[in-house]
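J.:
Numbering (the working numbering), first residue to last: 934 to 1092.
1) Give the DSSP bridge partners of residue 1028, in chain order.
2) Once DSSP output is grouped into helix, strand and coil, what is the label at residue 1021?
3) Give every residue of the same chain whose Cβ lies closer than 8 Å to the Cβ of residue 1034, excluding the five residues on either side of it in the sequence, and list them in chain order.
4) Secondary structure at residue 985, three-state DSSP: helix, strand or coil?
5) Closest to residue 1059 by C-alpha separation, out of 935, 936, 961 and 938, would be which residue?
6) Identify which residue in 1089, 1066, 1076 and 1031 has its Cα closest to the Cα of residue 969.
7) Kindly indicate which three-state DSSP category residue 1084 falls into: helix, strand or coil?
8) Whose CA, out of 985, 1021 and 989, lies closest to the CA of residue 1002?
9) Using 10 angstroms around the beta-carbon of residue 1031, count the other beta-carbons present and answer buried if the total reaches 16, otherwise exposed.
10) Which of the three DSSP states, helix, strand or coil, is assigned to residue 1065?
11) Between residue 1045 and residue 1019, is the Cβ-Cβ spacing less than 8 Å?
12) Identify, in the order they occur along the chain, each residue of the same chain with its Cβ nearer than 7 Å to the Cβ of residue 1087, setting aside the five sequence neighbours on each side.
13) Between which two residues does the beta strand (DSSP E) containing residue 998 stretch?
14) Under a three-way DSSP split, which group does residue 1077 fall into?
15) Under 8 Å between the Cβ atoms of residue 1051 and residue 979?
16) Whole angstroms is fine: what's the gap from residue 1047's alpha carbon to residue 1065's?
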């Protein structure tokens, strides 16, 4: 009977840990710092580039949650003459459920107006809450590169 009780105690402890893991609160700020920003210069009409960015985000199921001017959060890049046209897009947070935990990802997409078109910058944020702490990441090389390539392709296809 003691072996059975030990097994029951382990099962109970595991159940409590799993329940606690599902009850964590995740704080995810909209703004992502530019530690690992993915930047690409795109040529063409600025407004068409912004439309292409929004179209590619929607096609990849990144819902735009908000839009503001980048200088609200940091010094504006690009040229000073077109700073008023620059835009910062925030996406909704996506939840990715795993067996024992979930991770949460979102994007900031900057479109800085420059004389020849726009400089598009993608910033990625990922938070994985664990029992004791939250793991954070700002790297997603393949995702960012794919999105930038799709934006370029969209501009070519929708001239």
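Backbone N, C-alpha and C define an ideal beta-carbon position, used for all residues, glycine too. What you are looking at is a predicted structure, and each value in this text was computed from that prediction instead of being measured.
T.: Let me spell this out:
1) 1037
2) strand
3) Around residue 1034, the same chain offers 954, 1061, 1062 and 1063 as residues with beta carbons nearer than 8 Å, after the five sequence neighbours per side are excluded.
4) helix
5) In this structure, 961 is the residue among 935, 936, 961 and 938 with its C-alpha nearest to the C-alpha of residue 1059.
6) 1076
7) helix
8) 1021
9) Result: exposed.
10) coil
11) yes
12) 985, 988 and 989
13) Here the beta strand (DSSP E) through residue 998 covers 997–1001.
14) DSSP places residue 1077 within a helical segment (H, G or I) once states are collapsed to three.
15) Residue 979 sits close to residue 1051, with the two beta carbons spaced by under 8 Å.
16) 45 Å
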